[in-house]
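Participant:
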Amino acid sequence: MKNNTRYIIGMTLLILSCSSLADPWKKHKHHRHHKKEVHVVHHYDRHRLPDSAIFLAIAGVSYALINGQYYKENDDHYVVVEKPPKRRYRLGQVIRKLPEGATAVNKRGQQYFVSRGDWFLSTGQGKFVVVRP
Numbered sequence: 001m002k003n004n005t006r007y008i009i010g011m012t013l014l015i016l017s018c019s020s021l022a023d024p025w026k027k028h029k030h031h032r033h034h035k036k037e038v039h040v041v042h043h044y045d046r047h048r049l050p051d052s053a054i055f056l057a058i059a060g061v062s063y064a065l066i067n068g069q070y071y072k073e074n075d076d077h078y079v080v081v082e083k084p085p086k087r088r089y090r091l092g093q094v095i096r097k098l099p100e101g102a103t104a105v106n107k108r109g110q111q112y113f114v115s116r117g118d119w120f121l122s123t124g125q126g127k128f129v130v131v132r133p
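Rendered as structure tokens:
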């Protein structure tokens, strides 16, 4: 009986001493929730645009809108670009001052001013009219 008691006491001490070697309890850290990966296609071939493509003309420039990304036609493919500026001029609109950064362009002997895809022609009276070149 003494041997059994000693054996039980010895095993109990062994088990209790092993628990002191274990890692202390740590509060569970919440991992960041994984977001669904988004793959941005940087270009599409002209003949392989997805059926979901929406075609837009903004300030005289053609764009394809695909999954919230804007694509601009470049030769035989569409390339991803930043969202076009919201401010647009109406064809025939007369303005008093050219937009900042407008550059002069000569086309067919006529001087135009271009800014962000908008074309302007001087009226000769210090004003400019929005035109299509």
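First residue of the sequence shown: 1, per the UniProt record's numbering; consecutive thereafter.
All C-beta atoms, glycine included, are put in the ideal place defined by N, C-alpha and C.
Quick caveat: nothing in here was measured; it's all calculated off a predicted structure.
Between the beta-carbon of V79 and the beta-carbon of G117, is there less than 8 Å?
Facilitator: As a first step, residue 79 must be located in the sequence shown, where it is residue number 79. As a first step, residue 117 must be located in the sequence shown, where it is residue number 117. Not closer than 8 Å, so no.
Participant: With distance defined between alpha-carbon atoms, name the residue in Y89, L49 and G68 nearest to I58.
Facilitator: Taking the first residue of the sequence shown as position 1, residue 58 is located at position 58. Of the candidates Y89, L49 and G68, the one whose C-alpha sits nearest the C-alpha of I58 is Y89.
Participant: Per DSSP, what kind of secondary structure is K2 in: helix, strand or coil?
Facilitator: The sequence position of residue 2 within the sequence shown is 2, counting from 1. K2 falls in the helix class under three-state DSSP.
Participant: Look at the alpha carbon of I95 and the alpha carbon of V130, and state the distance between them as a whole number of angstroms.
Facilitator: To locate residue 95, count along the sequence shown from 1; it is residue 95. To locate residue 130, count along the sequence shown from 1; it is residue 130. In a straight line, the C-alpha of I95 is about 8 Å away from that of V130.
Participant: With DSSP collapsed to three states, give me the class of T123.
Facilitator: On the sequence shown, position 123 is the one that residue 123 refers to. It is coil, neither helix nor strand.
Participant: With a Cβ-Cβ cutoff of 8 Å, do residue 210 and S122 count as a contact?
Facilitator: In the structure displayed, the chain extends from 1 to 133; residue 210 sits before or after that span and is not available.
Participant: Under a three-way DSSP split, which group does L56 fall into?
Facilitator: As a working mapping, residue 56 is identified with position 56 in the sequence shown. It is a strand residue.
Participant: Which residues in the same chain as L98 place their Cβ atom closer than 8 Å to its Cβ, once the five residues preceding and following it in sequence are excluded?
Facilitator: Taking the sequence shown and counting its residues from 1, one reaches residue 98 at position 98. These residues qualify, in order along the chain: F113, S115, F120 and F128.
Participant: In terms of residue numbering, what span does the beta strand (DSSP E) encompassing K97 cover?
Facilitator: Counting from one through the sequence shown, the residue named residue 97 turns up at place 97. First-last for K97: undefined, no H or E at that position.
Participant: Does the beta-carbon distance from P84 to Y70 come in below 8 Å?
Facilitator: On the sequence shown, residue 84 is found 84 positions in, with the first residue counted as 1. On the sequence shown, residue 70 is found 70 positions in, with the first residue counted as 1. Yes.
Participant: Here's the rule I'm using: 16 or more other beta-carbon atoms within 10 Å means buried, otherwise exposed. How should residue 136 be labelled?
Facilitator: Coverage of the chain is limited to positions 1 through 133, which leaves residue 136 absent and any answer about it impossible.
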